[in-house]
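Here is the structure we will look at, set down as structure tokens.
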Amino acid sequence: MAENLKKIRVLVRPKEGILDPQGEAVRGALPALGFEGVKTVHVGRLIEMEVESADEVDAMCWRLLSNPTVEEYEWEVVS
Numbered sequence: 001m002a003e004n005l006k007k008i009r010v011l012v013r014p015k016e017g018i019l020d021p022q023g024e025a026v027r028g029a030l031p032a033l034g035f036e037g038v039k040t041v042h043v044g045r046l047i048e049m050e051v052e053s054a055d056e057v058d059a060m061c062w063r064l065l066s067n068p069t070v071e072e073y074e075w076e077v078v079s
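Mapping to UniProt numbering: the sequence shown position 79 is 79, numbers consecutive.
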């Protein structure tokens with residue numbers, strides 16, 4: 001039955017204009033490690049799952065995997 005599963009990759013990240021404290025912390029630390037010239041960093045999360053059908057992935061993202069008020073998401077079938 002596993003051969004019928006679809007691998008889904010979901011990327012969740014802060015919406016444009018929303019404060020991203022994790023991204024700011026990373027951006028602030030980069031110069032101390034010798035990485036200059038980085039102007040912005042956004043930290044999100046990557047979620048991978050295997051599903052029988054991709055029909056409800058949008059609903060999963062909207063209701064559980066993201067916070068639609070402050071985050072945006074995109075997803076793709078990778079196999």
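Each residue gets a CB set at the ideal place from its N, CA and C atoms; glycine is no exception.
Keep in mind it's a predicted model, so treat the numbers as computed, not measured.
Alpha-carbon to alpha-carbon, residue j and residue i
| i | j | result |
| --- | --- | --- |
| Ile18 | Arg63 | 20 angstroms |
| Met60 | Val41 | 26 angstroms |
| Lys7 | Glu52 | 9 angstroms |
| Glu72 | Glu56 | 17 angstroms |
Neighbourhood of residue i by C-beta distance below 6 angstroms, restricted to the same chain and skipping five residues each side
| i | result |
| --- | --- |
| Val9 | It should be pointed out that residue 9 corresponds to Arg in this sequence rather than to Val. Answer for Arg9: Glu48, Glu76 and Val78, listed in chain order. |
| Glu50 | Leu5 and Lys7 |
Proximal residues to residue i (C-beta, below 7 angstroms), its chain only, five neighbours per side dropped
| i | result |
| --- | --- |
| Val43 | Asp20, Gln22, Gly23 and Val26 |
Exposed unless 16 or more other CB atoms sit within 10 angstroms - verdict on residue i
| i | result |
| --- | --- |
| Val70 | exposed |
Sequence-distant residues of the same chain with beta carbon closer than 8 angstroms to residue i, five excluded per side
| i | result |
| --- | --- |
| Lys15 | Val70, Glu71 and Glu72 |
| Gly34 | none |
- At least 3 beta-carbon pairs within less than 8 angstroms: the region 24–35 vs the region 66–78: no
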